[in-house]
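To start, the structure under review is shown below, and the notes come after it.
Here is the structure:
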């Protein structure tokens, strides 16, 4: 089990938006961005939600890729 916590932060003027989530909560984190963007009392915009949402999805994609690749026997010249 992975105990890593992802941190996503946005500073807009005097406001600070900080989102903490683990990998299993990615979908909820994306929904939270939408709820913040839909709240007219916040300066958090739909553009902010789109940019941060892309960061969440890109991070998840890069985590799922293998960091190192092991050469296959067919890749090695003999």
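In my numbering, the protein residues as written are 97 to 174.
The C-beta atom is built at its ideal place from N, Cα and C for all residues, glycine as well.
(message) In the DSSP output, which residue or residues are listed as bridge partners for residue 114?
(response) 105
(request) Buried or exposed for residue 125, please, with buried defined as at least 16 other CB atoms from any protein chain shown within 10 angstroms of its CB. (result) buried
(message) Can you tell me whether residue 116 is buried or exposed? The criterion is at least 16 other CB atoms within 10 Å of its CB, across all chains shown.
(response) Residue 116 should be labelled exposed.
(request) Write down the C-beta distance between residue 105 and residue 114 rounded to the nearest angstrom, noting that I regard them as a contact closer than 8 Å. (result) 5 Å
(message) Tell me the DSSP secondary structure of residue 141 in three-state form.
(response) DSSP places residue 141 in the coil class of the three-state scheme, outside both helix and strand.
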